[in-house]
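**Student:** Here's a structure for you.
In this note's numbering, the protein residues as written are 1 to 441.
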């Protein structure tokens, strides 16, 4: 399974989770005030929590209406019923409970999802194909209501068309996993790609198959070996993965853990709570007693005992610039409209100060490190740096560089806010209790 969605709905003051109830089953709704304790509201036709009782789901995505003034009253869902080839069913809803059928999409492979890229003002369909084993095809459209009618031939050879583009696949840096018997059984393959707007970039989650293929997994009744990897993009099409280490790995067959295999992310990627990023993901324990017949079917143990869990990461903790002793970081020229510099940094054993540099690389008077009230002996995800020269309003709209001077510290991010309380104005992924909408405003 891939997909689903976990979103903070500020109009209801609740987290809402749309999940697949059973492999190849129906879509259920659960709600939570804290993201940990969940309830199943009786919103279904039969008094259960099933919101689309007549629609089979193999993979699906849920997103609020980024392109509307009331995103939480304009939900969109794209549901792949499985099969190769297949066509997704798309619905729209005002409340996420009662859905109106919109259309069947163009043809694609299973494990197909969609997301919104508000930087381009487009909806994106992440289509499964096989131009390089399991791989992805890209289709985008400004109008969700009109964007699903692409034309793409799934026969070989697969090439770019007017509607779609060959997009993403694994490469020779995605190494296959050596299994318990010391062998590798498949080249790494890109099982799925989802993305969500976060601050000023698109954060991508890549689900990669790196172990046993269907036939071996089915014979053993074990879930396939998959893991989740981080990526990022400025335009939502070209993604960078500087670190190929799994961000969320499976626990491994034989561990007995709930996420022994088939680890996959939720399409909404992550929410924000208590200044941490919450990654909801699915995993399966499998069942070795359910391997007869040894086929990749719903009745096989490789698809048994699925659960949803959550992993957390420090806010902006994807990467950090580390100074074990003393160090400096000079930015590219940046232009901003705010007045207050904030940093996300761990300086529990040291400090972080900043300078504002002119075109010659010299600090402006009143804005040197000596003039800066540094972050010292503190670990903070949102800390304002101030100078004797005043706030940064005099530099607004002008390109400047920042030079961060660090001593035994890690800098995760920085931003210039229009407000002294530090709101970034950026996107907040699937949201969280501290936000009134899809942006930090």
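Backbone N, C-alpha and C define an ideal beta-carbon position, used for all residues, glycine too.
All figures in this text were calculated on a predicted structure; none of them were measured in a lab.
What are the start and end residues of the alpha helix (DSSP H) that includes residue 215?
**Tutor:** Residue 215 -> alpha helix (DSSP H) spans 214-220.
**Student:** Whose C-alpha, out of 189, 131, 124, is nearest the C-alpha of residue 163?
**Tutor:** Among 189, 131, 124, the Cα nearest to that of residue 163 belongs to 124.
**Student:** Among residues of its own chain, excluding the 5 on either side of residue 71, which ones have a beta-carbon nearer than 8 Å to its beta-carbon?
**Tutor:** Correct list, in chain order: 64, 65, 437, 438.
**Student:** Give the DSSP bridge partners of residue 405, in chain order.
**Tutor:** 328, 353.
**Student:** Within its chain, find whatever has a CB closer than 7 Å to the CB of residue 154; leave out the 5 residues flanking it on each side and keep chain order.
**Tutor:** Once the five neighbours on either side are set aside, the close Cβ partners of residue 154 are 85, 107, 109, 129.
**Student:** Taking residue 442 as the reference, which of 394, 187, 381 has the closest Cα?
**Tutor:** In the structure as shown, the chain begins at 1 and stops at 441. Residue 442 is therefore absent and cannot be evaluated.
**Student:** Could you give the residue range of the beta strand (DSSP E) that holds residue 228?
**Tutor:** Start and end: 226-233.
**Student:** Compute the beta-carbon to beta-carbon distance between residue 385 and residue 343, rounded to the nearest angstrom, for a pair I have assumed lies under 8 Å.
**Tutor:** The Cβ separation is near 6 Å, so the contact holds.
**Student:** Check each candidate in 213, 204, 235, 68 and name the one with the smallest Cα separation from residue 246.
**Tutor:** Here the closest residue by C-alpha is 204.
**Student:** Skipping 5 residues on each side, what residues in its chain have a beta carbon closer than 8 Å to that of residue 14?
**Tutor:** Closer than 8 Å at the Cβ level, and outside the excluded window around residue 14, lie 8, 31, 32, 33.
**Student:** How about residue 190 and residue 201: are their beta carbons less than 8 Å apart?
**Tutor:** No.
**Student:** Here's the rule I'm using: 16 or more other beta-carbon atoms within 10 Å means buried, otherwise exposed. How should residue 362 be labelled?
**Tutor:** Answer is exposed; the Cβ neighbour count stays below 16.
**Student:** Less than 6 Å between C-beta atoms, sequence neighbours within five positions excluded: which residues of the same chain meet that for residue 432?
**Tutor:** Within the same chain, residue 432 has close Cβ partners 8, 271, 272, 273.
**Student:** Label residue 442 either buried or exposed according to how many other C-beta atoms from any shown protein chain fall within 10 Å of its C-beta, with 16 as the threshold for buried.
**Tutor:** With the chain covering only 1 through 441, there is no way to say anything about residue 442.
**Student:** State the DSSP-derived secondary structure class of residue 246, mapped to helix, strand or coil.
**Tutor:** Correct three-state label for residue 246: coil.
**Student:** If you count every other CB in all the chains shown that lies within 10 Å of the CB of residue 515, and 16 or more means buried, which is it?
**Tutor:** With the chain covering only 1 through 441, there is no way to say anything about residue 515.
**Student:** Given a cut-off of 8 Å, decide if residue 79 and residue 93 are closer than it, judged by their beta-carbon atoms.
**Tutor:** Cβ distance not < 8 Å, so residue 93 and residue 79 don't count as in contact.
**Student:** Any idea what DSSP makes of residue 292, helix, strand or coil?
**Tutor:** In the structure shown, residue 292 sits in coil (DSSP, three-state: anything other than H, G, I, E or B).
**Student:** Cα separation between residue 215 and residue 296?
**Tutor:** Spanning the two alpha carbons is a distance of roughly 7 Å.
**Student:** Could you check the C-alpha separation between residue 21 and residue 55 for me, to the nearest Å?
**Tutor:** Cα to Cα, the separation comes out at about 12 Å.
**Student:** When you compare the CB positions of residue 97 and residue 43, do they come within less than 8 Å of one another, or not?
**Tutor:** In this structure, residue 43 lies closer than 8 Å to residue 97 by Cβ.
**Student:** Using C-beta distances below 7 Å, list every residue in its chain close to residue 133, excluding the 5 sequence neighbours before and after it, in chain order.
**Tutor:** So the list reads 187, 189, once near-sequence residues are dropped.
**Student:** CB-CB under 7 Å to residue 424, same chain, minus the five flanking residues each way: which ones, in chain order?
**Tutor:** The residues are 199, 415, 417, 440.
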